[in-house]
Amino acid sequence: MRDAFIGIDLGTSSVKVSLVDANRTPLNTTTRTYGLNIGKDGMAEQNPQELVDAVLDGMAEVISNVRDASVKGIGLTGQWSGTIPVDRDGNAIHDAIIWMDTRGSKEIGSLTGGFPSISGYRIDKLARWLRITGGAPAHSGKDSLAHILFIKENFPELYERTHMFLEPKDFIAAKLTGKFAASWDNIALLWVTDNREAGNIAYNERLIEMSGISREKLPPIIKPTDIVGSLKGEISGKLGIEDAKVVSGCGDMQCSLIGAGCVDDFQTLLYLGTSSWIISHVPFKKTDIFHNIASLPSGIPGKYFIAAEQENACNCMEFVSGIMGIEGKDKYSVIDTLSSKANPGSNGLLFLPWLFGERAPVEDPYLRGGFSNLSLENDRGDVLRSVMEGVAMNSRWLLNTVEKFTGRNVDQLYMSGGGALSPVRVQIMSDVLRRKIRVVNDPRFATVNGAAMMAAVGLGILKFSDLRSMGEPYVDYEPDQNLNSVYDDKFNQFMEYFRNNRKSMRKYNAK
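In my numbering, each residue's number is its place in the sequence shown (first place is 1) plus 1002.
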């Protein structure tokens, strides 16, 4: 009977669950979807019970047809910068406020503002955050700190009833084990931890006092590789899993590096999912407040990683193709076929991908997307291809910023996420970025497989150095140098549109 490990990736629209053996071989994978409630004034919430039900259902499926494996551990990853208030028994007493929610922007503005200031931050507060945490609360209100302050200010009774505020991943860990804990990487966006030593992250009492959050409402901090506890008896009995340990794991950005095998410094990953990021492990702590990029605690204890996320990626294609009525089981092949027939440059059509504001390389919740230079000569293929190119233009902007941040040129990028399943999309990304791209094996499930391997590392069965081959075998894409001038012109047009219209979008969308 071989040892196996369950990975759980609690995403924004679905949970992915996988079963992986100690040889890093995936044995089974599945996906369960759940709802997302988008409301007025920047609300974005999810039903916590739906998350729990989806996780348990997915776990039951991945182990149902595998008879020669014994589950030893469970590793967690998923969306971070979310907040779930729970009672003393770990039951949610309000819906999950997720990373897309911006209602706390007012409270963050009140916390960070004052005179004298720089970029909206009172200088002494900004200096303290940067020195101790390596970053600062985002004015967008999308950080966990903003969610808690929003609850405290607008729902004081809920705040008082809350025993503890948990990130979504840590909420699932509590439901599986009955114990409260937060991995130190996952709680970073509360901006109350001392991150100056990558292997020794702890709460900072001065920052907690400055935040206005009650210390007793914050969970204990543990390493991403630490064991939260054993699987509850009623759950293990129902699933037929004996004596399995739940390892805390890490956030989805951090875990995507591990799942792609990018465990060494400066191996750069381009993740293309609902949102997108360009990240790598780095041996230093650094912050760029002007581009909203920072090195934060990673999923590997003792290491930092670059947090550089663009807010909109595959959600743009989902939105546009939905409006165009492209649906059904052949949806993505239709999109690829139409896009591949369009000329590079989309016959002059430019797509701006900021459908939900932007986080990096510029933090601006008021940016909005759209099409520019649309003419009667454009067809459906141009529209779809322009969406892919627009997302890639934003990634080029982000990559340029990341290279300046690290002081290194990125010669090649590893790639994972659902967007990596489209050869057309990957080739466009390679052409626009002018970089070789190595798509990892099973890119849609790479992150959740990384979570499973976090459990193996946490239990001492594997080491992080054993995971270098996680992304193999790769599918390589080389940039078409003949398209350099086309996409250089397109990128200049993209940046010109941003510079010329940013003030107008703030005027239209600021409340």
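For each residue, glycine too, the CB sits at the ideal point set by N, CA and C.
Assign V1322 to one of three DSSP states: helix, strand, or coil. helix
D1011 - partner residues in DSSP beta bridges: K1018 and T1079
Endpoints, the beta strand (DSSP E) within which R1163 is located: It is not in any beta strand (DSSP E) - R1163 instead sits in the alpha helix (DSSP H) that spans P1158 to R1163.
Shorter than 6 Å, the distance from the beta carbon of V1194 to the closest heavy atom of the ligand SAM, or not? This structure simply doesn't include the ligand SAM, nor any ligand for that matter.
Using only CA atoms, which one of M1255, S1277 and R1130 lies nearest to F1358? S1277
State whether the stretch 1143-1157 contacts the stretch 1050-1058, with contact taken as three or more CB pairs (one from each stretch) at a distance under 8 Å. no
Hey, would you say S1418 sits closer than 7 Å to A1262, going by beta carbons? In contact: S1418 and A1262 (Cβ atoms closer than 7 Å).
Of all Cβ atoms in chain C, is any one closer than 7 Å to the Cβ of S1300? Here there is only one protein chain, and chain C is not present.
Thinking C-alpha only, which one of R1198, I1439 and K1492 is nearest Q1414? I1439
Going straight from the alpha carbon of A1457 to that of V1389, what length do you get? 38 Å
Alpha carbon to alpha carbon, what distance is there between I1260 and G1452? 5 Å
Classify G1106: buried if its beta carbon has 16 or more other beta carbons within 10 angstroms, exposed otherwise. buried
Which residues share a DSSP beta bridge with R1440? R1440 pairs with Y1416 and D1478.
Enumerate in chain order the residues of its own chain whose CB-to-CB distance from G1037 is below 8 Å, with the five nearest sequence positions on each side excluded. Q1048, N1049 and E1052
Pair every Cβ in the stretch 1107-1116 with every Cβ in the stretch 1067-1081, then say whether three or more of these pairs are closer than 8 Å. no
Quick check on this structure: which residue in R1382, H1096, L1209 and M1255 has the alpha carbon closest to the alpha carbon of L1168? H1096
Assuming A1296 is part of the beta strand (DSSP E), what are its boundary residues? I1295 to P1299
With 16 as the cutoff for other CB atoms within 10 Å, does E1218 come out buried or exposed? exposed
What are the boundary residues of the beta strand (DSSP E) that includes K1333? That residue, K1333, is in no beta strand (DSSP E); its alpha helix (DSSP H) goes K1333 to K1343.
7 Å Cβ cutoff met for N1030 and V1068: yes
What are the start and end residues of the beta strand (DSSP E) that includes R1217? Note, R1217: premise wrong, no beta strand (DSSP E); not H, not E.
If you drop the 5 nearest sequence neighbours on each side, which residues of the same chain put their C-beta closer than 6 Å to that of R1382? L1340
Just the C-alpha distance for L1298 and F1286, rounded to the nearest angstrom, thanks. Spanning the two alpha carbons is a distance of roughly 9 Å.
Straight-line gap, G1253 to S1238 (C-alpha atoms, nearest Å): 25 Å
Kindly identify the DSSP beta-bridge partner or partners of W1279. According to DSSP, which records beta bridges pairwise, W1279 is partnered with Y1273 and E1311.
C-beta contact flag for G1201 and G1137 at 7 Å: No, Cβ-Cβ distance for G1201 and G1137 is not below 7 Å.
Beta carbon of P1221, beta carbon of A1184: below 7 Å? yes
Cα-Cα separation, G1242 to S1020: 16 Å
May I have the straight-line CA-CA distance separating A1140 from M1212, to the nearest angstrom? 16 Å
For M1255, three-class secondary structure by DSSP: helix
Beta-carbon gap between L1274 and A1315 smaller than 7 Å: yes
Look at the alpha carbon of E1109 and the alpha carbon of V1364, and state the distance between them as a whole number of angstroms. Rounded to the nearest whole angstrom, the CA to CA distance from E1109 to V1364 is 21 Å.
Bridge partners of D1005, per DSSP? S1072
List the residues that DSSP assigns as beta-bridge partners of E1360. Beta-bridge partners assigned by DSSP to E1360: D1366.
Option in V1434, I1120, Q1081 and G1409 with minimal Cα separation from E1311: The option with the nearest alpha carbon to E1311 is Q1081.
Counterpart residues of R1124 in DSSP-defined beta bridges: S1119
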